[in-house]
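In what follows, a single structure is set out as structure tokens and then discussed.
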Amino acid sequence: MKTQANIRGGTRADTAKVFLKPAVNRPNLHVLTNAHVTKVMFEGKRAVGLQFIHGAEKKQTRASREVILSAGAIGSPHILLLSGVGPKEQLDQLNIPLVADLPVGKHLQDHVALFYPEILIEKNISMIKDDLLSFKAKVKWDMLAKAPMATNGLEAIGFFHTAGLEKKGVSPDMQLLMSVFGLGSIDDDFTYNWLGFDRKFIKDAKFSTQVNRHLFSWIQTLLQPKSVGDIRLKTIDPLDYPLIDPRYYENEQDVKTMVEGIKIAMRLSEAAAFKAIGAKVNPHAWTIPGCTQHRKGDKYLECVARNMAATIYHPTGTCKMGASNDPSAVVDPQLRVRGVEGLRVVDASIMPEIVAGNTHAPVIMIAEKAADMIRAAVKN
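Counting from 1 along the sequence shown, just add 1 to a position and that's the residue number in the working numbering.
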């Protein structure tokens, strides 16, 4: 199907524009930008406010009812750990006073993706650098809010079962996206900033030789990863990044599933509709650095999966929701942090298991449901 995207007026219609901007002048709403939350303040077991840094000053604000963390699957566990809510053993090592012994930061799940293979085409119908960055494209975007700069670059999307799963009654385990540009379509800096590949790998892969070549890329996404990571504190300094260990491919089944996804993409590239535009696998697909010792086949594709894996920024599960008898849960079904009062978490971190699809819409759903529960609590 065609990819659905939240685009309005040629730009992404994000939640700040759609939810926050229309309400920004309400007298009961105060928005503070360029602030960094450092800690949830507790009095006993009750959350009473937040400490934060604004500019060069350390400040705090108190809550009349509840504190709601919505800092994401990385930020929320980081703040909770700094506040004394987390695994006792970890907090003891850093001399952080314990407020609640909970598995905060555990159960990190993410959708690992693979931008492979790239498919060269003979017809000039994809997005190339000269068109995308041209003066004409900028004027068209500024005045008419139209493509190519108004597109998100992902034209089509499909969900697939890898071998045998469709017979087991489970949801698809592989998502396939069609991108109208490749890893080298802009420049090496773009590839580095987008995916974080090692710069030597980018240079050796010679992605930049594909600038201004008409092509498209398949992007495989592992929807139901079996590998699970975690987030831990590096130091007690709130400005230090936490240690993020996603443990991609720790479970070998994830690698096998990704290899099956590549095969699906390869077969799909041979469809009549693609042959009509002169589609063929880019020869660079068989010269990926670090993999050329393998012949074409599963071993080579497994090497590619390991060398070109990247996140598409869908971290979830680090403040997992669960029942009262679930030892792996951090929040209850009302998103209240267990073992304390006056504190909820509302973001992707509360997902018990990562959704088999993009996380954007589900996170908005979580926020809408949380808003209803918070309003109900106020009325009661």
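Just so you know, even glycine gets a beta-carbon here, dropped at the ideal spot from N, CA and C.
Is the beta carbon of residue i less than 8 Å from the beta carbon of residue j?
i      : j      : result
ILE220 : ALA324 : no
SER270 : VAL256 : no
LEU178 : THR236 : no
VAL38  : ALA17  : no
ILE97  : GLY85  : yes
PHE64  : GLY298 : Here residue 64 turns out to be Ala, not Phe, going by the sequence shown. Result no, Cβ atoms of ALA64 and GLY298 do not sit closer than 8 Å.
VAL260 : LEU302 : yes
Please report the Cβ distance between residue i and residue j, rounded to the nearest whole angstrom; I am assuming they are in contact, meaning their Cβ atoms lie under 8 Å.
i      : j      : result
VAL100 : VAL346 : So it is not a contact: roughly 14 Å between Cβ atoms.
LEU109 : ILE232 : 6 Å
ASP189 : PHE208 : 7 Å
CYS304 : ILE351 : Actually they are not in contact, since the Cβ atoms of CYS304 and ILE351 sit about 36 Å apart, beyond 8 Å.
LYS147 : LYS139 : Between LYS139 and LYS147 the Cβ distance is about 11 Å, and since that is not below 8 Å, they are no contact.
ALA357 : PRO173 : 6 Å
What are the boundary residues of the beta strand (DSSP E) that residue i is part of?
i      : result
TYR301 : Per DSSP, TYR301 belongs to no beta strand (DSSP E); it is in the alpha helix (DSSP H), 299-308.
SER77  : Counting along the chain, SER77 falls outside any beta strand (DSSP E), though it belongs to the alpha helix (DSSP H) covering 73-83.
THR62  : 58-63
LEU121 : 113-121
ASP246 : 244-246
LEU92  : From DSSP, LEU92 is part of no beta strand (DSSP E) but of the alpha helix (DSSP H) over 89-94.
ALA157 : 155-161
HIS55  : 47-55
So which of the options has the shortest CA-CA distance to residue i?
i      : options                           : result
ALA330 : ASP102, ARG47 and PRO23           : ASP102
ARG214 : PHE182, MET259 and ILE245         : PHE182
GLY170 : PHE161, ASP199, LEU178 and GLY154 : PHE161
GLY291 : ASN283, GLN335, PHE136 and ARG307 : ARG307
TYR314 : THR258, ASP299, LEU302 and ILE355 : ILE355
LEU196 : PRO334, LYS22, MET366 and ALA311  : ALA311
LYS40  : LEU145, LEU51 and TYR117          : LEU51
ALA157 : ALA349, ARG339, GLN5 and ALA371   : GLN5
ASP238 : ILE375, VAL32, ILE54 and ILE122   : ILE54
PRO247 : ASN26, GLY279, GLY56 and GLY230   : GLY230
GLY159 : GLU123, LEU224, LYS370 and GLY76  : LEU224
For the alpha helix (DSSP H) that residue i lies in, which residues bound it at each end?
i      : result
ILE367 : 361-380
THR258 : 253-269
VAL140 : 136-145
ASP131 : 130-133
ALA274 : 273-276
Shorter than 7 Å, the distance from the beta carbon of residue i to the closest heavy atom of the ligand HEM, or not?
i      : result
ILE203 : The model on display carries no ligand, and the ligand HEM is accordingly not part of it.
Taking only runs that begin and end inside the segment 170-214, name each unbroken beta strand (DSSP E) of 3 or more residues, in chain order. Listed in chain order, they are 175-180.
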